[in-house]
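**Q** In this note's numbering, the protein residues as written are -8 to 129.
Structure representation (structure tokens):
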């Protein structure tokens, strides 16, 4: 693991109170963990502006069980790797599919948009990590 560096942060009282609420609500051990998590999220968001960045992402799809999802093969996208494919019934007629994928950002985004853009599908793409974030963890 990388070396931990201690530094001071000054902020408005109201912002500290909101940070404390976030720390409790998100079950962080302390403010430092909450701040590290927020910084990582911002670093991921900023680094994804580069289409050639290696990313890990979650694709979430919600649809009626009768909807036939269009098969979207990953072999057209050289960098794409499907890590997990989970499907669960949320209600009797409603399904949720969660896909965890990694690859080059532009290919992950294009592949996910083909899935999310289908008729009668509600979807979301969330980038969760980049290779730079992983390097900072270990």
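For each residue, glycine too, the CB sits at the ideal point set by N, CA and C.
DSSP three-state call for residue 62: helix, strand or coil?
**A** Within the chain shown, residue 62 is the residue found at index 71, counting from 1. Three-state result, residue 62: coil.
**Q** Would you identify the three-state DSSP class for residue -7, choosing helix, strand or coil?
**A** Position 2 of the chain shown holds residue -7. Residue -7 falls in the coil class under three-state DSSP.
**Q** Pairs of beta-carbons, one from the stretch 45 to 56 and one from the stretch 111 to 120, closer than 8 Å: are there three or more?
**A** Yes, the stretch 45 to 56 is in contact with the stretch 111 to 120.
**Q** Give the range of the alpha helix (DSSP H) segment to which residue 88 is assigned.
**A** Taking the first residue of the chain shown as position 1, residue 88 is located at position 97. Careful: residue 88 lies outside any alpha helix (DSSP H), inside the beta strand (DSSP E) at 85 to 95.
**Q** Cutting at 7 Å between CB atoms, please list the residues of its own chain near residue 109, excluding the five before and the five after it.
**A** Numbered from 1 along the chain shown, position 118 holds the residue referred to as residue 109. Closer than 7 Å at the Cβ level, and outside the excluded window around residue 109, lie 60, 61.
**Q** Name the one or two DSSP bridge partners that residue 80 has.
**A** Counting from 1 along the chain shown, the entry for residue 80 is found at position 89. Paired residues: 86.
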